[in-house]
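Engineer: To convert, note that position 136 of the sequence shown is 123 in the numbering used here; the numbers rise steadily by one, no gaps. C-beta atoms are modelled at their ideal positions from N, C-alpha and C, and glycine is treated no differently.
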Amino acid sequence: MEVYEELGAEIEAEVRKASEGRDVGIAFSGGLDSGLVAALASKYAKSVTCYTCGTDNAFDVRAGRELSEKLGLPWVHCRIGPGNIASVIGDLIRATGESDPFTISYELQLFCVCAEAEEDVILTGQGADEYFGGSAKFVGLGHDDFSVLLQDGKDRLNTVSVPCELRIAEHFGKELRHPYLVPAVTSIADSLGDEWILPKDMDSRK
-12 MEVYEELGAE
-2 IEAEVRKASE
8 GRDVGIAFSG
18 GLDSGLVAAL
28 ASKYAKSVTC
38 YTCGTDNAFD
48 VRAGRELSEK
58 LGLPWVHCRI
68 GPGNIASVIG
78 DLIRATGESD
88 PFTISYELQL
98 FCVCAEAEED
108 VILTGQGADE
118 YFGGSAKFVG
128 LGHDDFSVLL
138 QDGKDRLNTV
148 SVPCELRIAE
158 HFGKELRHPY
168 LVPAVTSIAD
178 SLGDEWILPK
188 DMDSRK
């Protein structure tokens, strides 16, 4: 489908713009979104390192290690656990002014990645779930409920999550890039009807 080719070209163009000739780090969950960003960046960047935050037995850590090996990219485990989580949360709150527990729960990962990464440029897969219906909570919804939840997710992403992430990056002196959130990509995503992105089951997401 022509629109998918255009979408792919825009995502790749943004990753290239962010990474060409540079040493870049990837906030890497081991999933489709960050995996695609890492694979594209490896075509253009001087070097690419994948960073995954989590406990030793976390699903993302296992997935991140396995996918980085398949991509042939170096991988770093940003460990978090009972011994350091309280201090890291305190550092995040002081650095960003964010005190909402829900926001902290998912932004903690990026905070740890930025703290660990040696690279000045960090790429993230943030935004694909919100703009392309990737969250498990969307599976099986009717069109009306899906549209409401999807818009709510976009609103929270743009008014809460991204501003918090930019404060995290600024705190560590990093340049944070969101390839899925540039206007050229989101405008295509917004043009797709629900019938194209509403997941029928877990395997058909995105």
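Using a threshold of 9 Å, state whether the C-beta atoms of residue 113 and residue 20 are closer than that.
Structural biologist: Their beta carbons are under 9 Å apart, which means residue 113 touches residue 20 by this criterion.
Engineer: Pull up the distance between the alpha-carbon of residue 152 and that of residue 163, whole angstroms please.
Structural biologist: Cα to Cα, residue 152 sits roughly 8 Å from residue 163.
Engineer: Which whole-angstrom value is the C-beta distance of residue 96 and residue 14, which I expect to be below 8 Å?
Structural biologist: Sure, about 7 Å apart at Cβ, within 8 Å.
Engineer: In whole angstroms, what separates the C-alpha of residue 47 from that of residue 85?
Structural biologist: C-alpha separation (whole angstroms): 24 Å.
Engineer: Please state whether DSSP places residue 67 in a helix, a strand or coil.
Structural biologist: The answer is coil: DSSP assigns residue 67 none of H, G, I, E or B.
Engineer: Does the structure place the segment 119 to 137 close enough to the segment 25 to 43 that three or more beta carbon pairs sit under 8 Å?
Structural biologist: No, because fewer than three Cβ pairs between the segment 25 to 43 and the segment 119 to 137 fall closer than 8 Å, the two stretches do not touch.
Engineer: For residue 7, which residues does DSSP report across the bridge?
Structural biologist: 32.
Engineer: If contact is defined by three or more beta carbon pairs under 8 Å, each pair taking one atom from either stretch, is the segment -10 to 8 in contact with the segment 62 to 80?
Structural biologist: Segments in contact, no.
Engineer: Look at the Cβ atom of residue 25, then the Cβ atom of residue 101, and state whether they are nearer than 9 Å.
Structural biologist: No, the pair does not count as a contact, with Cβ atoms beyond the cut-off.
Engineer: In angstroms with no decimal places, state the Cα-to-Cα distance between residue 17 and residue 30.
Structural biologist: In a straight line, the C-alpha of residue 17 is about 18 Å away from that of residue 30.
Engineer: Quick check: residue 172 and residue -6, are their CB atoms within less than 9 Å of each other?
Structural biologist: Cβ atoms of residue 172 and residue -6: closer than 9 Å.
Engineer: Is DSSP giving residue 162 helix, strand or coil here?
Structural biologist: Of the three classes helix, strand and coil, the one that applies to residue 162 here is strand, per DSSP.
Engineer: Can you look up residue -4 in the DSSP assignment and give me helix, strand or coil?
Structural biologist: Helix at residue -4.
Engineer: Below 8 Å CB to CB, which residues in the same chain sit around residue 187 once its five sequence neighbours on both sides are set aside?
Structural biologist: 126, 127.
Engineer: Once DSSP output is grouped into helix, strand and coil, what is the label at residue 45?
Structural biologist: It is coil, neither helix nor strand.
Engineer: Between which two residues does the alpha helix (DSSP H) harbouring residue 100 extend?
Structural biologist: From DSSP, the alpha helix (DSSP H) with residue 100 extends over 88 to 103.
Engineer: Residue 123: buried (16+ other C-beta within 10 angstroms of its C-beta) or exposed?
Structural biologist: Label assigned to residue 123: exposed.
Engineer: Who does residue 183 pair with in a DSSP beta bridge?
Structural biologist: None; residue 183 has no bridge partner.
Engineer: Less than 8 Å between the CB atoms is what I'm expecting for residue 120 and residue 175, so what's the real figure, rounded?
Structural biologist: Not really, about 14 Å apart at Cβ, beyond 8 Å.
Engineer: Under the DSSP definition of a beta bridge, which residues are partnered with residue 14?
Structural biologist: In the DSSP output, where bridge partners are listed per residue, residue 14 has 38, 111.
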